[in-house]
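Below: one structure, written as structure tokens.
This is how it looks when you write it as structure tokens:
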């Protein structure tokens, strides 16, 4: 069964925007994974310079709109499509990835499709620019983008005879479950973060007491030496 997953790409801490885009495109376009780049297709950009073109589009967007965001800004989107072994050829997978990306972005965003064949199962990595071709709008995440993504993928898969994905109704229930799990995970993260802060504070207090004790010993030794 074919599966599809979308991941917004953020700048993240300790990276520049240029580094963030270059890192992900360098990974997905690895010649050893894509039959020496034969299984890479670019749309609206040259796959060899896609990172630079995405950055240029982002700068033109900022210049045209004046909208600037911080490290939480989405600079591109990363989609991963996986197929069962023997279900599809590498060439078909790449063509399907291109068709899917065109549909999902409505042909308004530049993207690269890289088909990896280094594992037992063929899978696509699709990176598309968050900025549209006119550099005046950004790709908007829908509240239930995972459901919309699967629906778009299902339509493309159906036309190529690839096994169907779960029904949207089933995905809605799964989506609600994922949201609940995400809330629990975040609550656990917050508790761990508070515990870590308490430990850091406690350590700082101990260090301060030890330093004070050391200073007192030095003063006592100094006074003793002067007698």
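Residue numbers (my numbering): 41 to 267.
For each residue, glycine too, the CB sits at the ideal point set by N, CA and C.
Using the rule of at least 16 other Cβ atoms within 10 Å of the residue's Cβ for burial, across every protein chain shown, is residue i buried or exposed?
i	result
residue 129	exposed
residue 95	buried
residue 138	buried
residue 91	buried
residue 121	buried
residue 84	buried
residue 239	exposed
Reducing DSSP to helix, strand and coil, say where residue i ends up.
i	result
residue 133	helix
residue 49	strand
residue 348	With the chain covering only 41 through 267, there is no way to say anything about residue 348.
residue 59	helix
residue 145	coil
residue 44	strand
residue 178	strand
residue 251	helix
residue 64	helix
residue 164	strand
What's the gap between the Cα of residue i and the Cα of residue j?
i	j	result
residue 74	residue 115	24 Å
residue 68	residue 131	16 Å
residue 177	residue 249	57 Å
residue 149	residue 171	7 Å
residue 47	residue 86	22 Å
residue 57	residue 135	29 Å
residue 99	residue 252	53 Å
residue 234	residue 241	11 Å
residue 71	residue 245	53 Å
Our contact map puts residue i next to residue j with C-beta atoms below 8 Å; I'd like the distance itself, whole angstroms only.
i	j	result
residue 152	residue 80	6 Å
residue 141	residue 166	5 Å
residue 113	residue 51	7 Å
residue 124	residue 161	6 Å
Inset, instruction - Could you name each continuous alpha helix (DSSP H) segment of 4 residues or more that falls completely within the stretch 66–126, going from the start of the chain to the end? - result: 90–105
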